[in-house]
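Residue numbers (the numbering used here), protein chains in the order written: chain A, 2 to 295; chain B, 293 to 547.
Laid out in structure tokens, this is it:
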């Protein structure tokens with residue numbers, strides 16, 4: 002072995018580098034919850050990439066799912082919720098795609114998402130779950146299989162491992178070695194990372210390793226991680242320091258409901274014609290972004 | 293207190309009165325301002341041991357603490373205050389916590405089953421798709437009890453049998469399957485308060501002031517159990533309304 006001190010590998014990547022390995026048909030997990038902490042800069046870039054046939058695991062999704070469906074990226078969607086709370090009880094593009102059959106939707110309860118991700122993280126074929134026993138889950142989502150447990154003979158549901166090719170996650174900060182820290186609730190994000198072959202973590206700020214060491218209890222790390230810097234990159238969703246942009250969400254929902262040219266125009270302006278994250282921020286405007294800071 | 297209570301205020305008071313001594317943590321979902329108000333109202337008065345989960349914050353409001361502000365979204369980062377934080381991937385590791393929650397749905401049936409999925413087209417697709425079951429199956433399976441809040445009461449919503457079951461309310465089925473939770477406590481609609489008889493069929497507990505039995509029969513897609521002379525829902529007192537408006541629902545989301 003060489004006795005010279007080795008140099009630690011940088012995990013910093015551009016959006017293009019981080020998303021390059023996501024091929025047609027990949028299984029992609031998306032972090033965040035409802036209107037908070039979705040890695041939207043990564044999602045917009047993925048939607049613009051032209052990738053197709055994705056299986057998307059978005060436990061509690063919304064506009065992230067909408068953009069990927071509208072861009073034609075999604076074959077199968079696994080989620081417990083796709084909507085924007087009071088702004089849209091049901092996300093409109095998702096709703097249309099599931100009703101017309103262009104996207105295969107697999108209904109999962111939030112606890113099923115957690116069970117499936119844990120199974121993948123632990124290299125198990127499935128994880129048992131009681132939630133959904135006596136309901137229609139096993140009927141409408143045949144991946145969820147009812148069984149009698151071998152210990153006590155109770156009726157349970159086997160949730161298959163949700164192994165992800167890549168997890169796209171947001172955290173407020175990370176260092177250049179892939180140590181990420183969030184100052185928000187974290188949702189299912191660290192678990193999504195554990196269930197994935199590799200993780201791309203989008204951050205507002207890249208900080209020094211010394212900065213990370215000040216509060217190691219908050220650090221997440223995974224096997225293979227790339228760090229992409231994208232300030233304000235959860236927009237129009239919230240981060241720990243930014244509230245959600247209700248007006249922009251309403252605009253997106255309106256375009257989604259109308260579909261056709263209105264949706265195309267939204268996608269063109271905010272996804273396809275914004276060549277990078279800075280262009281997107283310019284399109285949103287500094288005044289709007291500033292107004293959302295807590 | 294001059295103004296009559298709105299439907300939302302009535303719901304909030306009815307819920308707040310019903311929480312039990314042994315209830316310890318109570319989670320409020322999105323778009324349920326009356327549930328939020330009920331939780332806060334009980335928490336600042338008769339139920340000082342309650343932890344109220346509003347958004348990501350876990351709060352106890354005893355000792356005169358003010359109600360946390362209302363934000364446009366449940367997962368607003370400013371909701372992350374209180375004595376603990378609700379983390380989605382860990383919250384179900386203790387399935388008895390929260391032990392009370394609130395739910396609505398697209399359809400509710402005679403047996404108390406709820407459908408939040410949507411209406412299938414009969415050919416493997418969907419006539420109407422909802423947003424997904426969220427965590428309704430988990431919560432309804434495990435929690436000590438839950439309240440069903442239906443903003444509409446008509447024969448398309450109150451049906452004989454739901455097209456699909458997201459939350460199993462049926463008492464007999466719950467027992468047969470050994471579900472640990474306590475099931476639905478009662479149903480609130482704009483017409484009245486409903487619960488379930490010994491066999492698990494829905495029955496009238498009370499009708500709101502000015503609502504007739506015929507009106508309810510007509511608006512319900514199945515034969516509803518009736519007491520001979522159903523009582524009128526006990527209206528909020530002046531004291532309850534004053535507390536609700538001045539200390540709990542200061543933003544007047546229920547007005």
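Glycine included, each C-beta is placed from N, C-alpha and C at the ideal position.
For residue 533 of chain B, the number of other beta carbons within 10 angstroms of its own is at least 16, and it is reported as buried. Proximity of residue 84 of chain A to chain B, defined by a Cβ-Cβ separation below 8 Å, is satisfied. Note on the region 446-493 of chain B: whole alpha helix (DSSP H) runs with a minimum of 4 residues are 463-469, in chain order. With respect to the 8 Å criterion, residue 339 of chain B and residue 352 of chain B are not classified as neighbours on the basis of their beta carbons.
No Cβ of chain A is located within less than 8 Å of the beta carbon of residue 502 of chain B.
When DSSP states are grouped into helix, strand and coil, residue 41 of chain A belongs to the helix group. Around the beta-carbon of residue 2 of chain A, fewer than 16 other beta-carbon atoms lie within 10 Å, marking it exposed.
For residue 351 of chain B, there is no enclosing alpha helix (DSSP H); the residue is found in the beta strand (DSSP E) stretching over 349-351. For residue 351 of chain B, not one C-beta of chain A is nearer than 8 Å to its own C-beta. Looking at B:323, B:336, B:307, the one whose alpha-carbon comes closest to that of residue 540 of chain B is B:336. With respect to chain B, the C-beta atom of residue 206 of chain A has no partner C-beta closer than 8 Å. Counting along the chain, residue 267 of chain A sits inside the alpha helix (DSSP H) bounded by residues 261-268. In the structure shown, residue 193 of chain A adopts helical secondary structure according to DSSP, grouped into three states. Excluding its 5 nearest sequence neighbours in each direction, residue 264 of chain A has C-beta neighbours in its own chain below 8 Å: 71, 94, 256, 257, listed in chain order. For the region 5-76 of chain A, the continuous alpha helix (DSSP H) assignments of 4+ residues that do not extend past its boundaries occur at 16-20, 41-49, 64-71, in sequence order.
Along the region 309-384 of chain B, the alpha helix (DSSP H) occurs as fully enclosed runs of 4 or more residues at 325-336, 380-383, listed in sequence order. The beta carbon of residue 545 of chain B is closer than 7 Å to those of 325, 362 in its chain, skipping five residues each way along the sequence. Below the 8 Å Cβ cutoff, chain B contributes 409, 412, 456 as neighbours of residue 141 of chain A, in chain order. Taking 3 residues as the shortest admissible run, the region 89-170 of chain A contains the following complete beta strand (DSSP E) segments, listed from N- to C-terminal end: 105-108, 127-130, 146-149, 156-161. When the five nearest sequence neighbours on each side are left out, the beta carbons in the same chain lying within less than 7 Å of the beta carbon of residue 86 of chain A are those of 35, 36, in order along the chain. Any Cβ of chain B closer than 8 Å to the Cβ of residue 159 of chain A would place that residue at the interface, and such an atom is absent.
In the DSSP annotation of this structure, the continuous segment of the beta strand (DSSP E) that includes residue 401 of chain B starts and ends at 399-401. Sequence-distant partners of residue 471 of chain B (beyond 5 residues in either direction) whose C-beta falls short of 6 Å from its own C-beta, in its chain, are 433.
In the three-state DSSP reduction, residue 296 of chain B falls in the coil class, being neither helix nor strand. C-alpha of residue 107 of chain A to C-alpha of residue 78 of chain A: approximately 6 Å in a straight line. As computed with DSSP, residue 406 of chain B is found in a beta bridge with B:400, B:459.
Taking each of A:67, A:73, A:88 in turn and checking the Cα distance to residue 80 of chain A, the smallest one comes out for A:67.
Remark: C-beta atoms of residue 428 of chain B and residue 141 of chain A do not approach each other more closely than 8 Å.
Judged by DSSP in its simplified three-state form, residue 419 of chain B adopts strand. Rounded to the nearest whole angstrom, the CA to CA distance from residue 236 of chain A to residue 223 of chain A is 25 Å.
Fully contained in the region 217-291 of chain A are the following beta strand (DSSP E) runs of length 3 or more, in chain order: 226-230.
Below 8 Å, too few C-beta pairs join the region 113-125 of chain A and the region 278-294 of chain A to call them touching: fewer than three. Note: residue 85 of chain A is bridge-paired with A:89 in the DSSP secondary-structure output. Where residue 440 of chain B is concerned, the enclosing beta strand (DSSP E) starts and stops at 437-441.
Within the DSSP secondary-structure output, residue 412 of chain B pairs in a beta bridge with B:418. Here the region 166-184 of chain A does not lie against the region 123-139 of chain A, with fewer than 3 beta-carbon pairs under 8 Å apart.
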